[in-house]
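Undergrad: Structure incoming, see below.
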Amino acid sequence: MLKHFLALVSLASLTSAAEPPKLRLGDDVRPVRYRLDLTLIPQQDTFSGAVEIDIDIRKPTDLIWLNARDLKIDDVKLVTSSATLAAKVEPGGKEFAGFAFPSVVPAGSATLRIAYRGDFNTKGTSALFKIKEGDDWYVYSQFESIDARQAFPCFDEPGFKTPWQLTLHINPQDVAVSNTAVQSETPESSGRKKVVFGETNPLPSYLVALGVGPLEFVDAGQAGRNHTPLRVVTPKGKRAQAQYAAQVVGPILDELENYFGIPYPYPKLDTLSAPLMPGAMENAGLITYGQTIVLCDPAEDSIDRQRGFASVAAHEMAHQWFGDLVTTAWWDDIWLNEAFASWMSAKVLRHWKPEWNTILSEQNTRSNVMGQDMVVSARQIRQPIETIGDIANAFDNITYSKGQTVITMFESWMGEEAFQRGVQRYLRQYSWRNATAADFLDSLGSVGSQSIARPFSTFLNQPGVPLVSVKLDCDGSSASLHLNQKRALPMGSTGSSNQTWQIPVCARYGDDSSSYRDCTLLTEASADWKLPQAKSCPTWVMANADGKGYYRTSYQPDLLNTLLANGGRRLSTVERITALGDIDALTSVGEIKSGDALALVPQFAADPERRVVGSAINITQGVYYDLVPSDLRPNYSRFVAKVFGERARQLGWAAAPGEGPETRLLRTRIVPLVAVWGNGRELAAEARQLAEKWLADRKSVDPDIVYSVLTVSAQTGDEAFFKLLLAALPGTQDRQQRDNIFRALGSFYDPHIAGASMELLLKPDFDFRESLPLLFGPASNPDLRRMPFDFTRKNYDALVAKIPPGSTFSFGEFLPFLGANLCDDKSAAEVKEFFAPKVDRYPGSQRNLAQSLEYIHLCAVVKAAQQPSVEEFLHKH
Ligand SMILES: [Zn+2]
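If you count by this note's numbering, then the sequence shown holds residues 1 to 877, one letter each, in order.
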């Protein structure tokens, strides 16, 4: 039976040509367990490895495909219970390697043994990359999404979860870390040392991680039910900078365990700082962070930096459950990892540090992503993956922030406790395995009273932002809301607004003495909703209670006016931010004039909550970029000075004794605004003095304002300041300080200096991973908006020589966005002509180019429609 079956299958497989897979490996051969042996000498540019993969062959075959990129494969053998077969390597294009055997291998267990060599990534921060920090070299890994294949041949898909056992051969003076603790270290006759790590729990390839170099450790104690040991891992000599991280990782772990009801799943947790790595990565048991996120000299640490670390850490640590313990089955469900980690991070911060009031910052996240979701080239949260480019695109703001906001909405709809039970059930059921969106929605559906799968799917599987319009109908003692929904589209959009969702709409309403809250599910294009608790006609209605809904609201005019009266006193703080965000968005839809939006700024600029002031500033600055003609800039500056000037001068640059964090954070929004755009020459001059003081002594200026005084000084600055910044770089080793200097260098408004600053990008002595702010910087000034595109067009070859292709976190895919700030159709044509032939160089570029072109076109249309109302408004100031 078996033989007969074998013969048939072998004929079939032998007749098939050695065509590599298009995208996925298929299921005929599955990995069961890996033993990975790497020789990693950070001073060298290459490494060597040997990997043994126990596999389960489900269909007899004479050819096995694995993922491998840019690896030189020296030797491949397959060991079965009856034979050892040498394999011939079949070329598999960029992403695959095929191993052809002289005879058909029967179904069953076997072991693949592969010896190979590879190159360290010396320009980027993906795969195995090397970095010099101080006088020392380090090697780190970054494998998500599909870069593990550049470090070892493997089954590089998230659905293949197996144990991994890692052995490293390193310099005797170096230290190595990986997902698990070191089991043994022994000297070798070669003069190197052998470091053997314990076998991991089942992990997909993208979560395997390591770091090698003269690393140092800070003990961060233990946390959680299993007393998990915590460490911060730093480059040599940086232990003192790990203080804040070492304090907060433990409490965050406790918060997460309490919510999930499952102990932290791995035997240890290291928090590793990797210089120049952008962002952070949730590798199981070894979370890696960009150095400026995790390390800072306590004497130079700022509120923003500390809160930023806590937020990123909570996100990455939430992944240890959501992503690592339960892993997305395929990249189309990466939102299950990312949206959840973002949502969980926000939840942890709200509970752990209520005084930070992060729920208000969540509104900015929501508002920003709604802006991106209005274009027709936006992705869906759950987008089918057809190419490698789709994998790269999947890590966008739609996945993270729209996903987070939609989860928040449905959590509120279900009730927090029911939702938590659903999450816990899901994690328990799929622990150590993979799961899909359907699995997750089933788990939620099994605990709640509301059916959630249908409504949730309408947000998951279609792009766009709903626009809910609201009219109030009163009849005697009853009141109804007439609700309509359509897709919110900016003026000039080519999309169709004829689209519906199943939207949980929650409203607060009342009169001067009472307030009620009710929710309904809007499932049709329009509906009349009788307000259950209304005993008379409400005088006001807030149709997005607590700002939890993922939709924009358009009110009939008198409802909007009552809502906003007296600085929105009927609204909660979060609702004031929601309402201002809606108004800002409706200017691009064309339902509200930008001049009318500007007219609302003064009353909200005086709000006691800094993030409401921030919303007023967003409207003010948003108008400036595209809608203020140069002859009216003096009027604009007078308006800014009139509205924000007094507050800015009261605050000044210097913190008053005993001043709290809220005032400190407000300062960095208002004072720079007035210094640069609000006739605040004296504030700009003081900023320059402070910036020069900081350049001379890095501990002499309040850390909370360092970034602001440096950028204000550059925005208003001259060649002398440019030279001062440049001269400070060679003597500055600290990554935080260097980051501040680079960001300042990229902030000059003087076109001549901004040009000189961009030229620095091409200098061989500047590491592109660090000097990147110089490329984007000028786009923040409308007068310089063309510079990034023009510079890229002129120097494309030199630039791409510095940007290696990577699968997900290569900066290259974002290059088309360098034209996105342009605002006329002629420029759109130039951007298209230049980038269209180049989209294949970096996966993901195609969609980014489409978005960039759409932004340019929409900007031109909105400008034509809205500029007259802004001109009219400014003429009066
Ligand atoms: Zn994440």
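Glycine included, C-beta positions come from ideal geometry on N, C-alpha and C.
(1) Is the beta carbon of T125 sitting closer than 8 Å to the one on L253?
(2) Considering only residues of the same chain and omitting the five flanking positions on each side of R884, which have a CB-CB separation below 7 Å?
(3) Please go through the segment 698-723 and give each complete alpha helix (DSSP H) segment of 4 or more residues, from N-terminal end onward.
(4) Could you tell me the alpha carbon to alpha carbon distance between V861 and L215, rounded to whole angstroms?
(5) Straight-line CA distance for G652 to P661?
(6) Are the CB atoms of P782 and D626 nearer to each other than 8 Å?
(7) Does the pairing of the segment 197-207 with the segment 282-293 give three or more beta-carbon distances under 8 Å?
(8) Beta-carbon separation of L481 and W529 under 8 Å?
(9) Are the CB atoms of L632 and I619 nearer to each other than 8 Å?
(10) Looking only at its own chain, which residues have a Cβ that is under 8 Å from the Cβ of G134, when we skip the five neighbours before and after it?
(11) At which residues does the alpha helix (DSSP H) containing I334 begin and terminate?
(12) What are the uninterrupted segments assigned as beta strand (DSSP E) that are 3 or more residues long and contained completely in the segment 538-565, given in chain order?
(13) Considering only the beta carbon of each residue, do S431 and L269 sit closer than 8 Å?
(14) Decide if the segment 770-779 is in contact with the segment 800-820; the criterion is three or more beta carbon pairs, one per stretch, under 8 Å apart.
(15) How should L23 be labelled, buried or exposed, when 16 other C-beta atoms within 10 angstroms of its C-beta is the threshold for buried?
(16) Per DSSP, which residues does N67 bridge with? Please list them.
(17) Closer than 5 Å is what we want: which residues have a beta carbon that near any heavy atom of ligand 1? List them in chain order.
(18) Count the CB pairs spanning the segment 559-575 and the segment 356-366 that are closer than 8 Å, and state whether there are at least three.
(19) Go to N740, then tell me how far its alpha helix (DSSP H) extends in each direction, as first and last residue.
(20) Pull up the DSSP beta-bridge partners for H227, would you.
(21) Looking at the structure shown, is N879 part of a helix, part of a strand, or coil, going by DSSP?
(22) Are D512 and T553 closer than 8 Å when you measure CB to CB?
(23) Would you call the CB atoms of T523 and V505 closer than 8 Å?
(24) Among Q420, I398 and V839, which one has its Cα closest to the Cα of F459?
(25) In the DSSP assignment, find the unbroken beta strand (DSSP E) run with L112 in it and report its ends.
(26) Given a threshold of 16 other Cβ atoms within 10 Å of its Cβ, counted over all protein chains shown, does Q621 qualify as buried or as exposed?
(27) Write down every uninterrupted run of the beta strand (DSSP E) in the segment 40-91 whose length is 3 residues or greater and which is fully enclosed by it, in chain order.
(28) Taking 8 Å as the threshold (C-beta atoms), are F143 and P21 in contact?
(29) Could you tell me which residues DSSP pairs with M281 in its beta bridges?
(30) Between the Cα of T562 and those of M414, L666, T80 and V541, spot the shortest distance and give me the residue it belongs to.
(31) Going by DSSP, what residue range makes up the beta strand (DSSP E) through F129?
(32) Please report the straight-line C-alpha distance between G389 and Q846, rounded to a whole angstrom.
(33) Return yes when the C-beta of R667 is under 7 Å from any heavy atom of ligand 3, and no when it is not.
(34) With which residues is I503 paired in a DSSP beta bridge?
(35) Buried or exposed: which applies to K794, given that a residue is buried once 16 or more other Cβ atoms fall within 10 Å of its Cβ?
(36) Scan the segment 586-638 and note each continuous beta strand (DSSP E) run of 3 residues or more that stays entirely inside, going in chain order.
TA: Let's see:
(1) For the purposes of this step, residue 125 is identified with residue 125 of the sequence shown, where counting begins at 1. For the purposes of this step, residue 253 is identified with residue 253 of the sequence shown, where counting begins at 1. In this structure, L253 does not lie closer than 8 Å to T125 by Cβ.
(2) The displayed coordinates of the chain run from 1 to 877. Any statement about residue 884 would go beyond what the structure contains.
(3) 703-715
(4) By one-based count along the sequence shown, residue 861 stands at place 861. By one-based count along the sequence shown, residue 215 stands at place 215. Computed Cα separation, rounded: 54 Å.
(5) Counted from its first residue, the sequence shown places residue 652 at position 652. Counted from its first residue, the sequence shown places residue 661 at position 661. Each residue's alpha carbon lies about 15 Å from the other.
(6) The residue labelled residue 782 in the question sits at position 782 within the sequence shown. The residue labelled residue 626 in the question sits at position 626 within the sequence shown. Yes.
(7) yes
(8) On the sequence shown, residue 481 is found 481 positions in, with the first residue counted as 1. On the sequence shown, residue 529 is found 529 positions in, with the first residue counted as 1. Closer than 8 Å, so yes.
(9) The residue labelled residue 632 in the question sits at position 632 within the sequence shown. The residue labelled residue 619 in the question sits at position 619 within the sequence shown. Cβ atoms of L632 and I619: not closer than 8 Å.
(10) Locating residue 134 in the sequence shown gives position 134, counting from the first residue. These residues qualify, in order along the chain: P235, K236, G237 and Q733.
(11) Locating residue 334 in the sequence shown gives position 334, where the first residue counts as 1. First-last of the alpha helix (DSSP H) with I334: I334 to W352.
(12) 540-542 and 552-555
(13) Taking the sequence shown and counting its residues from 1, the one referred to as residue 431 is at position 431. Taking the sequence shown and counting its residues from 1, the one referred to as residue 269 is at position 269. Not closer than 8 Å, so no.
(14) yes
(15) Within the sequence shown, residue 23 is the residue found at index 23, counting from 1. Exposed is the call here.
(16) Your numbering for residue 67 matches position 67 in the sequence shown. DSSP lists F96 and C154 as partners of N67.
(17) Residues flagged by the Cβ proximity filter: E338 and A341.
(18) yes
(19) The residue labelled residue 740 in the question sits at position 740 within the sequence shown. Segment R735 to L745, the alpha helix (DSSP H) holding N740.
(20) What you label residue 227 is simply residue 227 of the sequence shown in a count that begins at 1. Its beta-bridge partners do not exist; DSSP assigns none.
(21) The chain is shown only over 1 to 877; residue 879 falls outside these bounds and no answer can be derived.
(22) One-based indexing of the sequence shown puts residue 512 at position 512. One-based indexing of the sequence shown puts residue 553 at position 553. Cβ distance not < 8 Å, so D512 and T553 don't count as in contact.
(23) Residue 523 sits at position 523 when you count from the first residue of the sequence shown. Residue 505 sits at position 505 when you count from the first residue of the sequence shown. No, they are not a contact pair.
(24) The residue labelled residue 459 in the question sits at position 459 within the sequence shown. Among Q420, I398 and V839, the Cα nearest to that of F459 is on I398.
(25) Here the question's residue 112 lines up with position 112 in the sequence shown. Unbroken beta strand (DSSP E) run through L112: G108 to D119.
(26) In the sequence shown, counting from the first residue as 1, residue 621 sits at position 621. Label assigned to Q621: exposed.
(27) 46-57, 61-67, 72-79 and 84-86
(28) On the sequence shown, position 21 is the one that residue 21 refers to. On the sequence shown, position 143 is the one that residue 143 refers to. It is not a contact, given that the beta carbons lie outside the stated cut-off.
(29) For this step, residue 281 is matched to residue 281 along the sequence shown. Beta-bridge pairing links M281 to T288.
(30) Working through the sequence shown from its first residue, we reach residue 562 at position 562. Here the closest residue by C-alpha is V541.
(31) Taking the first residue of the sequence shown as position 1, residue 129 is located at position 129. For F129, the uninterrupted beta strand (DSSP E) segment begins and ends at A127 to E133.
(32) Numbered from its first residue, the sequence shown carries residue 389 at position 389. Numbered from its first residue, the sequence shown carries residue 846 at position 846. Linking G389 to Q846 through their CA atoms gives a straight-line distance of about 8 Å.
(33) By its list of ligands, the structure shown excludes ligand 3, since it contains just ligand 1.
(34) The count along the sequence shown starts at 1 and reaches residue 503 at position 503. Bridge partners of I503: L522.
(35) The sequence position of residue 794 within the sequence shown is 794, counting from 1. K794 should be labelled exposed.
(36) Taking 3 residues as the minimum length, the segment 586-638 contains no beta strand (DSSP E) run wholly inside it.
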